[in-house]
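Participant:
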Ligand code: LRH
Ligand code: MN
Ligand code: MN
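So, in structure tokens, the structure goes:
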């Protein structure tokens, strides 16, 4: 039988939402626009604040630089605070500049590497102004054809570039390094897997940690194993949550495979990462065809449901079944928790905190979408294809 999570356990959930989820996005075929799309970072923050207002789960917003660039960072920071949220992770961007066609931090030309390192130094300046803790580095670096460049030399250049950036972050900052096994490079990428990210982080120091984006693995990869291992090693810095059917689809987390999400958060909890501010849970998604704020609300609620189910595992009974090597019982205990309908419990939990029991309904009834659609004309793209 499953157990009931306490409200103190449920209260430990914090999810960071990405500014780029509120902008228009699409595939390489077309970007469809949505009425009321934010026209600048201030409006993106306002939209993100709606997610937190209705769910109480999303107190910080990740920025992508220079997709999000403002003249007055202080003003953006105050704007966020006035709306009850804070600015979070700063994501660097080394994939949309003409100079980065053949790579950035691993590029064969020292001039280009200098430019890529300088971009990160600029991101660190932004972090000072926004009060952010984490610098998230994801690189599009890699090659398309065997022989195109030396895999080994690219690793050495990458290590040197990362070391220079790491030396520039403050004591209270962290560098979180994301891996991805393909795209936009298709033969090899320079940080394809958690192991490669891990060896670079290990060389850099304690404040360098691995980012696990759930859409960045080969099909069939056991992601919860990676979660368990990185937690064991003290090197899991953050998640980028999304779901995928085929490639890096960036769909709503928990939409494609809710059982996988449950297994991932089960390992997160078991490994002591749940509620630990050093393991940041971030969404990295695009809402190409669905409404964006509701898409984000659905996402954080999906994570909350998965967490509540994982907290419903009878851990004592599970430990006993494992000791007895009772395979079927251990599996049944886990599946009991997964099969539990946690929605009534979560509605009660929200009501007790003065939040709407049904956040999605409350948001749709608030008139925010209609208001912003009337007020905002000419919303911007998230950055993809911009
Ligand atoms: C790359 C990625 C990375 C980027 C984001 C927009 O696929 O996951 O995290 O910063 O998408
Ligand atoms: Mn990502
Ligand atoms: Mn991605």
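In full-length UniProt numbering, the protein residues as written are 1 to 386.
Ideal placement from N, C-alpha and C gives every residue a C-beta, glycine not left out.
All figures in this text were calculated on a predicted structure; none of them were measured in a lab.
1) To the nearest angstrom, how far is it from the Cα of residue 389 to the Cα of residue 273?
2) To the nearest angstrom, how far is it from the Cα of residue 162 to the Cα of residue 105?
3) Tell me whether the beta-carbon of residue 183 lies closer than 9 Å to the beta-carbon of residue 109.
4) Given residue 297, which residues of its chain have a CB within under 7 Å of its CB, disregarding the five upstream and five downstream residues?
5) Do residue 379 and residue 39 come within 9 Å of each other at the CB atom, strictly closer than that value?
6) The beta strand (DSSP E) with residue 184 in it runs from where to where?
7) Which residue marks the beginning of the alpha helix (DSSP H) containing residue 277, and which one marks its end?
8) Evaluate residue 146 with the Cβ neighbour count: other Cβ atoms within 10 Å of its Cβ, from every protein chain shown; 16 or more gives buried, anything less gives exposed.
9) Which term fits residue 32, buried or exposed, when burial requires 16 or more other beta carbons within 10 angstroms of its beta carbon?
10) Answer yes or no: do residue 65 and residue 24 have a C-beta to C-beta separation smaller than 9 Å?
11) Would DSSP call residue 289 helix, strand or coil?
12) Of all residues in the structure, which have a C-beta closer than 5 Å to any heavy atom of ligand 2, taken in chain order?
13) Is the beta carbon of residue 64 within less than 8 Å of some heavy atom of ligand 1?
14) Beta carbon of residue 50: closer than 8 Å to some heavy atom of ligand 1?
15) Run through the region 207-280 for me and flag every whole alpha helix (DSSP H) of 4 or more residues, listed as ranges in chain order.
16) Of all the options 63, 13, 85, 214, which has the alpha carbon lying nearest to the alpha carbon of residue 46?
17) Can at least three beta-carbon pairs, one atom from the region 212-227 and one from the region 264-272, be found at a separation below 8 Å?
Facilitator: Quick answer:
1) No answer is possible for residue 389: the residues shown for the chain start at 1 and end at 386.
2) 7 Å
3) Cβ atoms of residue 183 and residue 109: not closer than 9 Å.
4) 51, 54, 55, 359, 360, 363
5) yes
6) Counting along the chain, residue 184 falls outside any beta strand (DSSP E), and DSSP gives it neither H nor E.
7) Careful: residue 277 lies outside any alpha helix (DSSP H) and carries neither H nor E.
8) exposed
9) exposed
10) no
11) coil
12) So the residues near ligand 2 by this Cβ test are 213, 240, 284.
13) yes
14) no
15) 223-232, 258-270
16) 85
17) yes
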